[in-house]
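Quick notes on the structure that follows.
2 protein chains.
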Amino acid sequence: MPLIVQKFGGSSVSDAEKIKHVAQRVLQTQAEGNQVCVVVSAMGDTTDELIDLADSVTTDVTGSREMDILLTAGERISMSLLALAIKELGGKAMSFTGFQAGISTDSEHGSARIWKIDPKRIQEAMAQGNIAVVAGFQGFSFENGDTTTLGRGGSDTTAVALAAAMNADICEIYSDVDGVYTADPRVVPRARKLAQIDLDSMLELSSSGAKILYIRAVEFARRHAVPLRVRSTFSADPGTLVYTSKPGEEMEEPIVSGVATDDTQSKITVIGVPDRPGKAAEIFQIVAEAGANIDMIVQNVSTTENHLSDISFTLPHSDRPKVVDALKGRQSDVGFASVTYDDEIGKLSIVGAGMKTSSGVSAKLFGALAKAGINIEMISTSEIRISVITRADQLKEATRVVHTAFELDAADTAVVYAGTGR
Amino acid sequence: MPLIVQKFGGSSVSDAEKIKHVAQRVLQTQAEGNQVCVVVSAMGDTTDELIDLADSVTTDVTGSREMDILLTAGERISMSLLALAIKELGGKAMSFTGFQAGISTDSEHGSARIWKIDPKRIQEAMAQGNIAVVAGFQGFSFENGDTTTLGRGGSDTTAVALAAAMNADICEIYSDVDGVYTADPRVVPRARKLAQIDLDSMLELSSSGAKILYIRAVEFARRHAVPLRVRSTFSADPGTLVYTSKPGEEMEEPIVSGVATDDTQSKITVIGVPDRPGKAAEIFQIVAEAGANIDMIVQNVSTTENHLSDISFTLPHSDRPKVVDALKGRQSDVGFASVTYDDEIGKLSIVGAGMKTSSGVSAKLFGALAKAGINIEMISTSEIRISVITRADQLKEATRVVHTAFELDAADTAVVYAGTGR
């Protein structure tokens, strides 16, 4: 019997009526002859409300034993309500916390990594005709049994990891968005929904700022070859298939699958770095010790006689203050001149598996941006992605002209959903 | 070092400000040279809100795996917030779910009984200078590790059970009421707060309808000789000591410690029961199979020649419909004439350890009620308690006249708290 893992996000279970709708939907999937394992997020804004509560009793809401217990309450509520709703409709359901689902992790509270999954209880429950309802986002430390959380997008990760552990036929990610688009439909009204996209390109889109799937979940799917389907809880549309290996034979791999944007990054520039071996390493060691994740890096090697260079890099807004502080604190040790930062940058990326074998893609990208009068401040590339940094206030315009230049525009305007966030 | 277990009810942790206040209070107790283990209920009305949510997705909200997971979310939230608040004030705290606290139970979801407590982790945490914060109301099944709940008043039970398991010096029960009163101050404005009361009398008061301490917790305290102190979160008043053995030497045991009332019972009368051995047993077998708890029983043995008797008993309102149905369904088997019921009864009890050695107590009780024109419908007694059934609408008046007759009235009117419920 085919096994399907279905993940429903917070907007899909935000009230009792929606939970009942999801109950019907999963029962329908089971009635079509599948074993069904359902992963749920917390209801609506529950997690944010819990963070607000914590915020009002403490100044430190970073990952800890206590924060993890607090935050996992939300998924425990939604999972038990969904199981009750399925039973109310005459179905069989059994709910599982992260612990009960056998999801063991390391002890990194707030952003634990899955160590091992033992899905025995879930598989037994499904074999007995139950729909297994699993709380997303949570696991337990294999060291001491404490509750842990998987960090942002953790419920996607739970679903994909369970699908991998149980060798599921597909992992369906349900939200209020009906698939993966060539660009954010709120910015590009003519964005097209993709019928399918390869996992490599999906990974690049996610890491370039597309919010539809969280990068850790996509990485997990890619490493374990789990096919995904991104679809809407509120329509019968098949959504977008994220395939693991090759597309259907008749399909040509598109040169550019989509345009992703990210306005959550800052740029830090370290000015006047002595142009000697090891200096860049010293700087990035300081950044790493401050606990920040760097995205793009550009080093402008000095051409003057003073042998000084500038190093610029991008990182999340939230990491910027601590990294600037850390760098300033070590300024005399390292011997650079000064540090500047810029919170008003935007990142635009084009992604496509066909870029590996096509030429002229970067020329077309830079030409379209130049024609629109948009300056490029930094560039980084991978085999199937080109990313550029622009001014933040030019990002939307940049997205539209690039979308048009690569002939991604649909004939019709896309349906724009009320809440295309998560 | 003395060990104190402190339990804070829902009204004591109903918002962030109150949680911060509780954090200060427990830190103060620790600073006075004690090890402190804190048990918390869910914030304010959280549990009722979760039940309402369940009620909107299912028609069956009785105890189940899923309901227990749902309901325990509330205590997980409050315990982690309290631990965070203690840390914010510079203290050391570690929080524990029922599972982490080692509270194993049977698998009776919704009303599990504690099987065994292994408080090792809590004791280790306290030895390291932490305040141990434990989620009340919850445990885990020793059979399969699933989350269980201890039923109404479960957080009191958690606190007393932990105090017993760790041989604590005292278990303090904090709420918005500052002690045990001779009667409900909302009904009897001149009710007096008791400085102390023996556990036997407290058990009778709780089982007779006094809401201040839940009966299961008091039973636990009595069985394991755990002294309790009932006091207010919001005042420095020492409250009421519930002592385990003997009061202070200079104290005489009061004849009557207090008056308790209960308006949550119904009376069922089975009319025309054949007056043969085994017939009463048949009737109470039917009642037991319907899952009802009986309180008082009166059998009016027939004096007529037809050898028929009437049996009346009281039970909670909520059990009345199913018991009446069950009896009607077996009417011809058992051979009784009919069943009637009455939801408009009230129960008044007087309780006091001194009643064992005093005479004239029942005469004084019945005299006071007769003088006020209040009819007595049923009577039951124990060594230290007399309970009578009256009309429901006469219960408050009955309480006042009995309170006065036993000279319990204070010189001044008692402070009546806004919410003296739980």
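Residue numbers (our numbering), protein chains in the order written: chain A, 980 to 1401; chain B, 980 to 1401. Cβ coordinates follow ideal geometry from the N, Cα and C atoms, glycine included.
Straight through space, the alpha carbons of leucine 982 (chain A) and isoleucine 1247 (chain A) are spaced by roughly 47 Å. At a cut-off of 8 Å, the C-beta of lysine 1301 (chain A) has no neighbouring C-beta in chain B. Of the candidates B:Ser1154, B:Ser1057 and B:Gln1117, B:Gln1117 places its Cα closest to the Cα of threonine 1136 (chain B).
Secondary structure of glutamine 1264 (chain B) (DSSP, three-state): helix.
In the assembly as shown, proline 1233 (chain B) is a buried residue. Its beta-carbon has 16 or more other beta-carbons within 10 Å.
Not a single C-beta of chain A is nearer than 8 Å to the C-beta of methionine 1275 (chain B). Its chain contains Ile1149, Cys1150, Glu1151, Ile1152, Pro1217, Gly1218, Thr1219, Leu1220 and Val1221 as the residues whose beta carbon lies nearer than 8 Å to that of arginine 1208 (chain B), once the 5 sequence neighbours on both sides are disregarded; these appear in chain order.
One thing to note: isoleucine 1363 (chain B) has its Cβ within 8 Å of the Cβ of glutamate 1183 (chain B).
At least one C-beta of chain A is nearer than 8 Å to the C-beta of lysine 1066 (chain B). The DSSP-derived three-state label of serine 1341 (chain B) is helix. In the three-state reduction of the DSSP assignment, isoleucine 998 (chain B) falls in the helix class. Taking a Cβ-Cβ cut-off of 7 Å, the neighbours of valine 1036 (chain B) in chain A comprise Ala995, Ile998, Lys999, Leu1060, Leu1063, Ala1064 and Glu1067, given in sequence order. Rounded to whole angstroms, the separation of the alpha carbons of glycine 1053 (chain A) and arginine 1201 (chain A) is 28 Å. If you look at methionine 1073 (chain A), you'll find it isn't in any alpha helix (DSSP H); it sits in the beta strand (DSSP E) that goes 1072 to 1075.
With respect to valine 1238 (chain B), isoleucine 1329 (chain B) sits close: the two C-beta atoms are nearer than 8 Å.
Contact with chain A is found for threonine 1076 (chain B), since one of that chain's Cβ atoms lies less than 8 Å from the residue's Cβ.
In this structure, alanine 1114 (chain B) and glycine 1070 (chain B) do not form a Cβ contact; the two beta carbons are roughly 19 Å apart against a cut-off of 8 Å. By the Cβ neighbour-count rule, phenylalanine 987 (chain B) is buried, with 16 or more other Cβ atoms within 10 Å of its own. When Cβ-Cβ separations below 8 Å define contact, methionine 1046 (chain A) makes contact with chain B.
Within chain B, the residues whose beta carbon sits less than 9 Å from that of arginine 1055 (chain A) are Ile1048, Leu1049, Thr1051, Ala1052, Arg1055 and Thr1126, listed in sequence order. For lysine 1350 (chain A), same chain residues with a beta-carbon under 8 Å away, outside a window of 5 residues either side, are Val1380 in chain order. Judged by their CB atoms, serine 1059 (chain A) and glutamate 1087 (chain B) are not nearer to each other than the 8 Å cut-off. Boundaries around serine 1245 (chain A) are those of the beta strand (DSSP E), 1244 to 1253, since no alpha helix (DSSP H) includes it.
A contact between stretches requires three or more CB pairs, one per stretch, nearer than 8 Å, and the segment 1123 to 1137 of chain B meets this requirement with the segment 1079 to 1098 of chain B. In terms of Cα proximity to serine 1297 (chain B), the closest of B:Asp1242, B:Pro1253 and B:Ser1366 is B:Asp1242. Counted as a single uninterrupted DSSP element, the stretch harbouring phenylalanine 1119 (chain A) is not any alpha helix (DSSP H) but the beta strand (DSSP E) occupying residues 1117 to 1120.
Here alanine 1002 (chain B) is near leucine 1061 (chain B), since their CB atoms are less than 8 Å apart. Neighbourhood of leucine 1173 (chain B) in chain A, by CB distance below 7 Å: empty, with the nearest CB roughly 35 Å away. With the criterion set as a beta carbon lying under 8 Å from some beta carbon of chain A, the segment 1009 to 1022 of chain B has no members that meet it.
In the three-state scheme derived from DSSP, where H, G and I count as helix and E and B as strand, proline 1295 (chain B) is classed as strand. Per DSSP, the beta-bridge partners of alanine 1239 (chain B) are B:Ser1328. Phenylalanine 1075 (chain A) counts as buried, since no fewer than 16 other beta carbons sit within 10 angstroms of its beta carbon. Listed by position along chain A, the residues whose Cβ is nearer than 9 Å to that of alanine 1080 (chain B) form an empty set, because the closest Cβ is around 12 Å away. Taking a Cβ-Cβ cut-off of 9 Å, alanine 1189 (chain B) has no neighbours in chain A, whose nearest Cβ is about 32 Å from it.
Spatial neighbours of asparagine 1146 (chain A) in its own chain (CB-CB distance under 8 Å, excluding positions within 5 residues in sequence) are listed in chain order as Leu982. Residue environment for isoleucine 1365 (chain A): buried (at least 16 other C-beta atoms within 10 angstroms of its C-beta).
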